[in-house]
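Novice:
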Amino acid sequence: MQAKQNMTTKILIWMCAGLILGSLINALASDVAFVQDYFVNGLFHVAGAIFINLLKMLVVPLVTFSLICGVCGLGDINKLGRVGLKAFLLFLLTTALAISLAIAVATLVGPGQGFELSNSATSNFTAPAAPPITQVFIDLVPSNPVAAYANGNMLQIIFFTILFAVSILMVGERARPIAEAAERLNEVMMQVVTVVMHIAPYGVFALMAKTFSLQGLGLILPMISYFAVVAVVLLLHAGGTLMVIFKLFSKLDPLIFLRKMRTAQIFAFSTSSSNATIPVTLRSVEKRLGVDNSTASFVVPFGATINMDGTAIMQGVATVFIANVYGIDLGLMGYLTVIGMAVLASIGTAGVPGVGLIMLAMVLNQVGLPVEGIALIMGVDRLLDMMRTAVNVTGDAAITTIVAKSEKNISMETFHDLNAGQVEEVHLPHASQLDGQNQK
Ligand code: ASP
Numbered sequence: 002m003q004a005k006q007n008m009t010t011k012i013l014i015w016m017c018a019g020l021i022l023g024s025l026i027n028a029l030a031s032d033v034a035f036v037q038d039y040f041v042n043g044l045f046h047v048a049g050a051i052f053i054n055l056l057k058m059l060v061v062p063l064v065t066f067s068l069i070c071g072v073c074g075l076g077d078i079n080k081l082g083r084v085g086l087k088a089f090l091l092f093l094l095t096t097a098l099a100i101s102l103a104i105a106v107a108t109l110v111g112p113g114q115g116f117e118l119s120n121s122a123t124s125n126f127t128a129p130a131a132p133p134i135t136q137v138f139i140d141l142v143p144s145n146p147v148a149a150y151a152n153g154n155m156l157q158i159i160f161f162t163i164l165f166a167v168s169i170l171m172v173g174e175r176a177r178p179i180a181e182a183a184e185r186l187n188e189v190m191m192q193v194v195t196v197v198m199h200i201a202p203y204g205v206f207a208l209m210a211k212t213f214s215l216q217g218l219g220l221i222l223p224m225i226s227y228f229a230v231v232a233v234v235l236l237l238h239a240g241g242t243l244m245v246i247f248k249l250f251s252k253l254d255p256l257i258f259l260r261k262m263r264t265a266q267i268f269a270f271s272t273s274s275s276n277a278t279i280p281v282t283l284r285s286v287e288k289r290l291g292v293d294n295s296t297a298s299f300v301v302p303f304g305a306t307i308n309m310d311g312t313a314i315m316q317g318v319a320t321v322f323i324a325n326v327y328g329i330d331l332g333l334m335g336y337l338t339v340i341g342m343a344v345l346a347s348i349g350t351a352g353v354p355g356v357g358l359i360m361l362a363m364v365l366n367q368v369g370l371p372v373e374g375i376a377l378i379m380g381v382d383r384l385l386d387m388m389r390t391a392v393n394v395t396g397d398a399a400i401t402t403i404v405a406k407s408e409k410n411i412s413m414e415t416f417h418d419l420n421a422g423q424v425e426e427v428h429l430p431h432a433s434q435l436d437g438q439n440q441k
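Put into structure tokens, the structure is as follows:
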């Protein structure tokens, strides 16, 4: 039991250690070539990048096998449509609430008012290209599934896999071995996730140490009002709005939910990517919260791609901040447009680091605010990206649990068992054991 509980705590401890070490390096050793070459750009960079690759490596096979199992497990195409529609509407609702709260709080606090705009601040920024909304819909359908897989395009992969799995159901008896194979492959992939989680503490440490030695905490100071408003609204949304919705719709205990989400939140925080966190979110939702694979396999990757509450919050506050800095009054219509655009923008962009800024460019363009304003908030975006990704992932898991509860696709016993699904020590079977099994 002791060893079980230690894993989340261990990751948390290593995360704090990385944060402290990184901040110290930033403050004291940013000019020391030895430290920069061998640690920041050496050890931390390599270990962190390997860890992110390990996580990303799991996403595509895990989502594919898990989704095939999920659809085949539902056994009913109508149910798939119902689950999808419920999840989609809840995703839209929470994102809209998130950005409305952000705009309301930011308008009250007024970050950026009286800000001295220096010319140099905006000169080094070129607006990133934002995809037009029509293209977002066209891009849902892959013209070549192999390319979609190779590029890790989640929405296209989800589209193709669902169609493939539905066809397995339609073919019936003769396709059953394929569904069974997917089930076993899914089990193996889940085990790979567990193995990767054992090295997570060190990966998280390296990522934190690198980020904070490059960024430092001092950067936050000039942007403190913007940073603080985003951070406070993120907390309000994750701990307040989302949990009220969770309680209202699922009648489950939000505290148990939050407690079991901790590991996924730490992964999201240190990787800044909901996509890379999918394996851990899936694991937490299925093994810790008790959600059945038939719901989780579909709603979690769907959410990681289209549901970004934390990102919407950043956009809401950033819009108000930039409007204040440039002395532009958006008016009610302007803000309503911002809400609509932010919700739409989150559908078309994947959960990867920094994508929130690209979406912000789309939003600013739409309401006629200068896109160069993004340069003002770029300095603190790395840290905010970490925080908002944790909120994004919490939203994905909350909606998955709500939908599973409404479909009676959740094990209440697992949900209430506080130790369910804790990562245990891995015991790799010895060759002799495997031989023994093969002979049976
Ligand atoms: N990094 C965020 C995510 O993966 C997206 C963003 O806000 O940039 O969810």
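Its first residue numbered 2, the sequence shown is counted upward by one per residue in the numbering used here. All C-beta atoms, glycine included, are put in the ideal place defined by N, C-alpha and C.
Within the present structure, is the beta-carbon of residue 354 separated from the nearest heavy atom of the ligand ASP by less than 8 Å?
Specialist: Result yes, Cβ under 8 Å from the ligand ASP.
Novice: Taking just the CA atoms, how far does residue 176 sit from residue 92?
Specialist: Taking the straight line joining both Cα atoms gives about 33 Å.
Novice: Among 308, 21, 259, which has the Cα closest to the Cα of residue 416?
Specialist: The shortest Cα separation from residue 416 among 308, 21, 259 belongs to 259.
Novice: Please name the residue or residues paired with residue 12 in a DSSP beta bridge.
Specialist: DSSP output for residue 12 lists no bridge partner at all.
Novice: For residue 397, does the count of other Cβ atoms within 10 angstroms reach 16, so buried, or fall short, so exposed?
Specialist: By the 10 Å Cβ count, residue 397 comes out buried.
Novice: Give the secondary structure of residue 424 by DSSP, where H, G and I count as helix, E and B as strand, and everything else as coil.
Specialist: Three-state DSSP puts residue 424 in coil, outside helix and strand.
Novice: Which class does residue 100 belong to by DSSP, given the choice of helix, strand or coil?
Specialist: The answer is helix: DSSP assigns residue 100 an H, G or I state.
Novice: Candidates 33, 335, 44: which alpha carbon is nearest residue 19's?
Specialist: Out of 33, 335, 44, 44 has the C-alpha closest to the C-alpha of residue 19.
Novice: Just list the alpha helix (DSSP H) runs in the region 37 to 87, keeping only unbroken ones of 4 residues or longer that don't cross its boundaries, in chain order.
Specialist: 46 to 75, all fully within the region 37 to 87.
Novice: For the structure I just gave you, are there three or more beta carbon pairs, one from the region 360 to 380 and one from the region 320 to 327, closer than 8 Å?
Specialist: The region 360 to 380 vs the region 320 to 327: in contact.
Novice: Going straight from the alpha carbon of residue 257 to that of residue 32, what length do you get?
Specialist: Taking the straight line joining both Cα atoms gives about 45 Å.
Novice: Between the Cα of residue 78 and those of 314, 384, 296, spot the shortest distance and give me the residue it belongs to.
Specialist: Nearest C-alpha to residue 78: 296.
Novice: Does the Cβ of residue 251 lie closer than 8 Å to at least one heavy atom of the ligand ASP?
Specialist: False, no ligand heavy atom lies under 8 Å from that Cβ.
Novice: DSSP has residue 225 in a bridge; who is on the other side?
Specialist: Its beta-bridge partners do not exist; DSSP assigns none.
Novice: Cα-Cα, which of 99, 384, 314, 150 is closest to residue 59?
Specialist: Closest by alpha carbon: 150.
Novice: With the cut-off set at 9 Å, would you say residue 401 and residue 341 are in Cβ contact?
Specialist: Cβ atoms of residue 401 and residue 341: not closer than 9 Å.
Novice: Looking at the secondary structure, which residues open and close the alpha helix (DSSP H) in which residue 387 lies?
Specialist: Its alpha helix (DSSP H) spans residues 375 to 407.
Novice: Which residues does DSSP pair with residue 292 in a beta bridge?
Specialist: For residue 292, which the question treats as bridged, DSSP gives the partners 411.
Novice: Give the secondary structure of residue 168 by DSSP, where H, G and I count as helix, E and B as strand, and everything else as coil.
Specialist: Residue 168 falls in the helix class under three-state DSSP.
Novice: Compute the minimum distance between the beta carbon of residue 305 and the heavy atoms of the ligand ASP, and state whether it is under 8 Å.
Specialist: Indeed, a heavy atom of the ligand ASP lies less than 8 Å from the Cβ.
Novice: Under a Cβ-count criterion, where at least 16 other Cβ atoms within 10 Å of its own Cβ denotes burial, should residue 414 be classed as buried or exposed?
Specialist: Exposed, by the Cβ-count rule.
Novice: Would you report the Cα separation of residue 366 and residue 372, rounded to the nearest angstrom?
Specialist: Their Cα atoms are separated by approximately 7 Å.
Novice: So, do the region 65 to 76 and the region 178 to 198 have three or more beta carbon pairs nearer to each other than 8 Å?
Specialist: With a cut-off of 8 Å, the region 178 to 198 and the region 65 to 76 count as touching, because enough Cβ pairs lie within range.
Novice: So, is residue 104 buried or exposed, given that buried needs 16 or more other C-beta atoms within 10 angstroms?
Specialist: Buried, because 16 or more other Cβ atoms sit within 10 Å of the Cβ of residue 104.
Novice: With respect to the alpha helix (DSSP H) encompassing residue 150, which residues constitute its N-terminal and C-terminal limits?
Specialist: Note, residue 150: alpha helix (DSSP H), 146 to 152.
Novice: Whose C-beta lies closer than 7 Å to the C-beta of residue 86 among residues of the same chain, with five residues either side of it excluded?
Specialist: So no residue of the chain qualifies.
Novice: Alpha carbon to alpha carbon, how far is residue 332 from residue 111? Give it in angstroms, no decimals.
Specialist: Roughly 14 Å between the two C-alpha positions.
Novice: For residue 246, name the three-state secondary structure that DSSP assigns.
Specialist: DSSP places residue 246 in helix when its eight states are reduced to three.
Novice: Within 10 Å of its beta-carbon, does residue 370 have 16 or more other beta-carbons around it, so buried, or fewer, so exposed?
Specialist: The residue is buried, with at least 16 neighbouring Cβ atoms inside 10 Å.
Novice: For the ligand ASP, I want to know if residue 28 counts as a neighbour, meaning its beta carbon is within less than 8 Å of at least one of the ligand's heavy atoms.
Specialist: No; taking the cut-off as 8 Å, the Cβ of residue 28 has no heavy atom of the ligand ASP nearer than that.
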